[in-house]
Amino acid sequence: MFLSVDVSLELLFVTRNRHKFEEAFNILLPMGIKLKQAPIERIEVQSEDLSEIALIGAKNAVEVLKRPLVVEDAGLFIKSLNGFPGPYSSYVYKTIGVDGILKLMENVNDRSAYFKSAVAFCSPDGKCRVFVGEVHGEIAFEARGSGGFGFDPIFIPYESDGLTFAEMSISEKSLLSHRARAFREFGRWFIVEMK
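Here's what the structure looks like:
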């Protein structure tokens, strides 16, 4: 569901993930920034650093599109698994999924984890900047909820009264999520930068 507000700024969001796009769109639109999805392929380097992955992706995409844009990369970091899956979360989700992570977490007492998001902005004039957001919580014992995407059914933010991200509406998730925090930080900077 998209909101309707007066928009003064437009920007490309390079992603093929419709769920990510919808979340970011609804986070930035109330700030007067309208995202347009650019579902092109981009370079995604293998790195332990989400900021580096997003920044290299944004630099590559701006060379192709010749317009100001953002790229976002995110990961789920589980303490007892030494930060796994981290920057490899998308691949791990595609290969072993939620059930695979729950299997790895069987008989594990420390279920603390965090989601991290890195939003990289680049413009054709070479200006680039990265904004990071995190939300801390724990891994549920079973998947719960039908909303969200990826590992949302097994992540319970500490600030959520026991709900997983998948049990929340988009607006509820956007109050707490790593992606919302990174995009809001970016949005505040972008509004000032574009004045």
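Mapping the sequence shown onto the numbering used here, position 87 (from 1) lands on 78, and the numbers just tick up by one. Virtual Cβ for every residue (Gly too), placed ideally from N, Cα, C.
| query | result |
| --- | --- |
| Reducing DSSP to helix, strand and coil, say where Lys25 ends up. | strand |
| Looking only at DSSP bridge pairs, what is Phe106 linked to? | Leu67 and Val126 |
| From the DSSP output, read off the bridge partner residues of Leu60. | Leu3 and Cys113 |
| In angstroms, rounded to a whole number, what distance separates the CA positions of Glu184 and Pro115? | 15 Å |
| Taking Val126 and Pro148 to be in contact with their CB atoms under 8 Å, please state how far apart those CB atoms are, rounded to whole angstroms. | 5 Å |
| How long is the line joining the alpha carbons of Thr155 and Phe142, rounded to whole angstroms? | 10 Å |
| Hey, quick one: how far does the beta strand (DSSP E) through Ile18 stretch, first residue to last? | Looking at the DSSP string, Ile18 is not in any beta strand (DSSP E); the run it does join, the alpha helix (DSSP H), is Arg9 to Leu19. |
| In this structure, does DSSP put Pro148 in helix, strand or coil? | strand |
| Under DSSP, the alpha helix (DSSP H) around Leu167 begins and ends at which residues? | Ile161 to Leu167 |
| Determine contact between the stretch -2 to 7 and the stretch 20 to 29, defined as no fewer than three beta-carbon pairs at a distance below 8 Å. | yes |
| Does DSSP classify Val121 as helix, strand or coil? | strand |
| Between Pro76 and the rest of its own chain, which residues show a CB-CB distance below 7 Å, the 5 nearest in sequence each way excluded? | Gly66, Leu67 and Val83 |
| Taking the continuous alpha helix (DSSP H) assigned at Asp90, which residues delimit it? | Gly88 to Leu95 |
| Within 10 Å of its beta-carbon, does Glu14 have 16 or more other beta-carbons around it, so buried, or fewer, so exposed? | buried |
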